[in-house]
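Numbering (this note's numbering), first residue to last: 302 to 631.
Below is the structure:
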C-alpha cells in the first residue's frame, strides 16, 4: 500500500545541498509507488509562535500565514521528511519555528508515524548533526504514535550544488525507495487507539465468562463457529497488566493449546521455566498437562489467537493467580 509522504525542505538557499538530498529521497519514494509532495519554505511567510496556546483548544493557530497550510498537510501525511542545513550544529531557525508552530497537531488525530531527517553541512562527522536530531526527537517525543525512522547526512558540502556526486544522494534515494522495509514502530503500546490499529482481528466483547480467572480486563472475539468447522478460534485481547491465572490443559491423548500472537507484547511462562516474550508472529505450542499462564506486559496491550488442539477427554483446570510481585518484576 502506498503512503502519503510530505517532504519539507527548510533551506532558503536556491540549489541548496539539503534540498537536493530531499529531491533524491523524493525520487526513491516515487519509484516505490508512494504519493509524494515536497514543500519548500523558501517562498513562505513564517512568523514566530506567540506562545498563546490557543491552538491547544482550537487546533488552529491565531497567526494567519503560510504555516497553517503546511501544518494541515503534515496532519494528513503518513510520513514526514524534514531536510535542513546544519547551522551551528543545529537545525536551521526556520525549521525550528515550523516545529513550534505545528503545535495544533498535538491534540489532533494526526496520521504521521515515520519521520525522517535529512541534513547537510560544511563540516564532517556524526557530531555535526547529532544535536539537530536530538532537537527533532524532542518534538517527536510529543507525538507518541510517531518515531524517527531514518537519518541521512551529507558532510563536507558548502557551496550550492556541491553535493552532486556525493554518496549521500544515493543513500537518500534508497531510503525513500525502501520506506516500507525501514518502517519501525513500537509493538509495545499503552495507547489503545494505536493498539486498535495493530489488532487486525478485533477487540470483541468483554471476556465476562472467564473474568474470574483473569487479573485485569480481557476481551474475546470469536473467529470461527465450532459447530460449523469443529475448531474454535478466538482473538483474546489483554489490557496492560492483564494476565490469566496459572492453568493446565488436560487430555488423555492429543490436546493442549496453540497461541498465535497478533498485536502488542506479552508474556508466556511455564511452571519452573523463565518467561518468554510474546510479540506478533510468535507461535506458542502448549503441551497438555503443563501448568502455565499468559497475558500482556504491564506496560502494553496484547492480543493472541488461541485455540484448543484436538484431543480426547480434554478439560481445563484453573489454578492460582500469577503472583503480583513476580509479574511486576518482569
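Don't be surprised by glycine CBs; every beta carbon is placed ideally from N, CA and C. All values reported here derive from a predicted model rather than from experimental measurement.
Indicate the three-state DSSP secondary structure (helix, strand or coil) for residue i in the structure shown.
| i | result |
| --- | --- |
| residue 536 | strand |
| residue 571 | strand |
| residue 442 | coil |
| residue 619 | strand |
| residue 507 | strand |
| residue 496 | helix |
| residue 521 | strand |
| residue 542 | coil |
| residue 512 | helix |
| residue 612 | strand |
| residue 630 | coil |
| residue 483 | Below a pLDDT of 50, predicted positions are generally treated as unreliable, and residue 483, at 42, falls in that range; no measurement from the model is reported. |
| residue 596 | strand |
Would you mind sorting residue i into buried or exposed? The rule is 16 or more other CB atoms within 10 Å of its CB.
| i | result |
| --- | --- |
| residue 558 | buried |
| residue 443 | exposed |
| residue 308 | buried |
| residue 553 | exposed |
| residue 572 | exposed |
| residue 405 | buried |
| residue 588 | exposed |
| residue 451 | buried |
| residue 356 | buried |
| residue 411 | buried |
| residue 304 | buried |
| residue 574 | exposed |
| residue 426 | exposed |
| residue 323 | buried |
| residue 530 | exposed |
| residue 365 | exposed |
| residue 577 | exposed |
| residue 462 | exposed |
| residue 370 | exposed |
| residue 556 | buried |
Quick one: what's got a C-beta closer than 8 Å to residue i's C-beta in the same chain, skipping five residues either side?
| i | result |
| --- | --- |
| residue 599 | 541, 542, 628, 629 and 631 |
| residue 458 | 318, 421, 422, 423, 464 and 467 |
| residue 433 | 385, 387, 390, 391, 392, 418 and 420 |
| residue 334 | 303 |
| residue 395 | 311, 313, 342 and 347 |
Identify, in the order they occur along the chain, each residue of the same chain with its Cβ nearer than 6 Å to the Cβ of residue i, setting aside the five sequence neighbours on each side.
| i | result |
| --- | --- |
| residue 623 | 544 and 594 |
| residue 504 | 520 and 538 |
| residue 320 | 310 and 312 |
| residue 454 | 420 and 430 |
| residue 330 | 306, 337 and 477 |
Apart from the five residues just before and just after residue i, which ones in its own chain have a Cβ nearer than 7 Å to its Cβ?
| i | result |
| --- | --- |
| residue 597 | 539, 540, 541, 542, 543, 544, 565, 567 and 603 |
| residue 532 | 525 and 608 |
Rounded to the nearest angstrom, what separates residue i and residue j at their Cα positions?
| i | j | result |
| --- | --- | --- |
| residue 362 | residue 586 | 54 Å |
| residue 583 | residue 388 | 46 Å |
| residue 636 | residue 619 | With the chain covering 302 to 631 only, the question about residue 636 has no answer from this structure. |
| residue 609 | residue 526 | 13 Å |
| residue 560 | residue 579 | 10 Å |
| residue 493 | residue 360 | 22 Å |
| residue 424 | residue 522 | 57 Å |
| residue 414 | residue 590 | 44 Å |
| residue 440 | residue 400 | 7 Å |
| residue 524 | residue 535 | 5 Å |
| residue 317 | residue 570 | 56 Å |
| residue 614 | residue 498 | 39 Å |
| residue 332 | residue 474 | 9 Å |
| residue 409 | residue 403 | 11 Å |
| residue 314 | residue 446 | 33 Å |
| residue 348 | residue 339 | 21 Å |
| residue 378 | residue 336 | 10 Å |
| residue 548 | residue 592 | 5 Å |
| residue 435 | residue 448 | 12 Å |
| residue 611 | residue 489 | 32 Å |
| residue 626 | residue 518 | 19 Å |
| residue 407 | residue 551 | 51 Å |
| residue 373 | residue 508 | 40 Å |
Verify the CB distance criterion: does residue i have a CB-CB separation below 8 Å to chain C?
| i | result |
| --- | --- |
| residue 434 | Here there is only one protein chain, and chain C is not present. |
Kindly examine the ligand ZN and report whether one of its heavy atoms sits closer than 7 Å to the Cβ of residue i.
| i | result |
| --- | --- |
| residue 567 | Inclusion of the ligand ZN in the displayed structure is not the case, the ligand content being empty and no account of it being possible. |
4 or more residues per run - each alpha helix (DSSP H) lying fully within the region 343–403: 355–359, 368–377 and 394–402
Whole beta strand (DSSP E) elements within the region 549–593, 3-residue minimum: 558–565, 567–571, 577–579 and 584–587
Complete beta strand (DSSP E) runs within the region 408–475 (minimum length 3 residues, chain order): 415–421 and 448–455
Residue ranges of each beta strand (DSSP E) within the region 307–347, 3 or longer: 336–341
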